[in-house]
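Reading through the C-alpha cells given below for one structure.
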Amino acid sequence: MIAAFCAAVFATGAMAQEAETTDTGNEILPASGEFGLGFNVVPLVSYLGANTNFSQGNYVLGNNAIFGKYMLTGSTAVRAHVGVTSTYSSTSNYVFDDTQNSPDSLVTDVLNQRNHRYTFGAGYEVRKGKGRIQGIFGADVMFSWQRNQSNYEYGNDFSIGNQAPTTTNNFFAGTASPQGERIVSNEGGSTFGAGVRPFVGIEYYFAPRISIGAEFGFNVMYQRQSEARSITEYFDPNEGTTGAVLEDTEFNAGRSSVNLNTGNFNGAVVLMFYF
5 MIAAFCAAVF
15 ATGAMAQEAE
25 TTDTGNEILP
35 ASGEFGLGFN
45 VVPLVSYLGA
55 NTNFSQGNYV
65 LGNNAIFGKY
75 MLTGSTAVRA
85 HVGVTSTYSS
95 TSNYVFDDTQ
105 NSPDSLVTDV
115 LNQRNHRYTF
125 GAGYEVRKGK
135 GRIQGIFGAD
145 VMFSWQRNQS
155 NYEYGNDFSI
165 GNQAPTTTNN
175 FFAGTASPQG
185 ERIVSNEGGS
195 TFGAGVRPFV
205 GIEYYFAPRI
215 SIGAEFGFNV
225 MYQRQSEARS
235 ITEYFDPNEG
245 TTGAVLEDTE
255 FNAGRSSVNL
265 NTGNFNGAVV
275 LMFYF
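So the sequence shown is numbered by the numbering used here: it starts at 5 and just counts up by one.
Structure, rendered in C-alpha cells:
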C-alpha cells in the first residue's frame with residue numbers, strides 16, 4: 005500500500021510542487037515551534053471497507069499508534085510515537101454436567117484471556133523539499149513491553165468419584181472430553197524489546213498544516229522474554245484420606261533474540277495535523 009501511496013503522491017505533486025502558500029496566502033508547511041499530531045489511517049480505511057485487502061504488515065509500533073512531532077526549525081523535528089494495546093476476552097463453552105444423568109443438564113467452562121502490548125519510540129527527523137512534497141529521513145529509538153495471560157474455570161469438579169471430569173479441550177471448536185489432567189492457567193513471560201529504526205519517507209501537504217505521509221524503515225531490535233509458567237490440575241486419590249486436587253507447575257526458560265528487518269511497505273500511512 006505504501007508503494008502505491010508514494011506513486012500517487014509523486015503524480016499529484018508534480019503539478020503542485022511550486023506551491024508553498026495557498027491562493028489566500030496561508031503557508032502550507034509547518035514552521036519552527038509548531039506541534040504535529042497524527043495517526044495511522046490504514047486500520048480506519050480497512051474498517052470502512054474501502055479496501056478489505058489492506059495488509060496490516062508488521063509495523064513495529066502497531067496499527068493504533070499515536071504520532072507526535074515538535075518542529076525545531078522548518079526542516080528539523082523531534083518526534084515520539086506511542087502505541088497501547090490491551091485486550092480482555094472471555095470465551096464460554098457448555099459441557100455435560102457430570103453430577104446429573106441427563107443430556108439436558110449443562111455446566112459452563114470459561115477461558116479468560118488478557119493481552120497487553122505497549123510500545124514507545126522517540127527520534128529525530130530531517131526534511132528536504134520544496135512546496136507540498138517533503139522528503140523525510142532520520143532515526144528512532146524503540147522500546148516495547150508485552151505480556152499474555154490465560155486463566156481457565158471449569159463447571160465439573162474433580163472428586164473421588166469423578167477423577168476425569170468432562171472438560172473443554174478446545175474452547176474455539178467447542179469440544180469436550182473426560183480429562184484426568186487439565187490446564188488452570190498459562191502465563192506467558194514478559195517480553196521487553198529495545199532497538200533503533202533508521203527511516204526514510206514522504207509527506208504530502210494537501211492542505212495548510214495537514215499532511216499524509218508514509219515511511220520505510222530498517223528495524224534493529226533486541227528482545228528478551230522472561231520465564232513463562234503453566235499450571236495444570238489433577239486428582240490424586242492417594243492424597244490424604246479422601247484424595248485431593250493437586251497442581252503441577254511447568255516453567256519454560258526465557259530467551260533472547262536480535263531481529264533485523266525492513267519495515268513492511270503495508271505498515272502505515274500517517275495523517276498529520278500541525279498547529
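Yeah, the Cβ is synthetic: ideal placement off N, Cα and C, and Gly gets one too.
For A232, which residues of its own chain have a beta-carbon under 6 Å away from its beta-carbon, when the five flanking residues on both sides are left out?
G192, G193 and N256
Counting only the same chain and skipping the five closest in sequence on each side, list residues whose C-beta sits under 6 Å from that of N190.
S154 and S234
I'd like the list of long-range same chain contacts for N97, defined as Cβ closer than 6 Å, with 5 residues on each side in sequence excluded.
D113, T172, F175 and G178
In whole angstroms, give me the CA-to-CA distance for M146 and R136.
29 Å
To which residues of the same chain is E129 closer than 6 Å at the C-beta, ignoring the five residues directly before and after it?
A81, R83, I140 and G142
Given this structure, state the Cα-to-Cα distance separating R118 from W149, to the nearest angstrom.
14 Å
Taking the DSSP output, what are the residues bridged to I164?
The partner list for I164 (beta bridge, DSSP) is empty, contrary to what the question assumes.
With 16 other Cβ atoms within 10 Å as the buried cut-off, status of G87
buried
Straight-line Cα distance separating V262 from F71
26 Å
I need the straight-line Cα distance from F210 to R201, nearest angstrom please.
27 Å
Element boundaries [beta strand (DSSP E), containing S261]:
R259 to T266
Within 10 Å of its beta-carbon, does S215 have 16 or more other beta-carbons around it, so buried, or fewer, so exposed?
buried
Beta-carbon within less than 8 Å of L250's beta-carbon, same chain only, minus the 5 sequence neighbours each way: which residues are those?
E237, Y238, F239, D240 and E243
Short Cβ contact (8 Å threshold) for G221 with M276:
no
Helix, strand or coil: which one does DSSP assign to N55?
Because N55 sits at a pLDDT of 46, beneath the cut-off of 50, its placement in the model cannot be relied upon, and the point is left open.
So is A272 buried or exposed if we call it buried at 16+ other beta carbons inside 10 Å?
buried
Can you tell me where the beta strand (DSSP E) with R121 in it begins and where it stops?
L110 to K132
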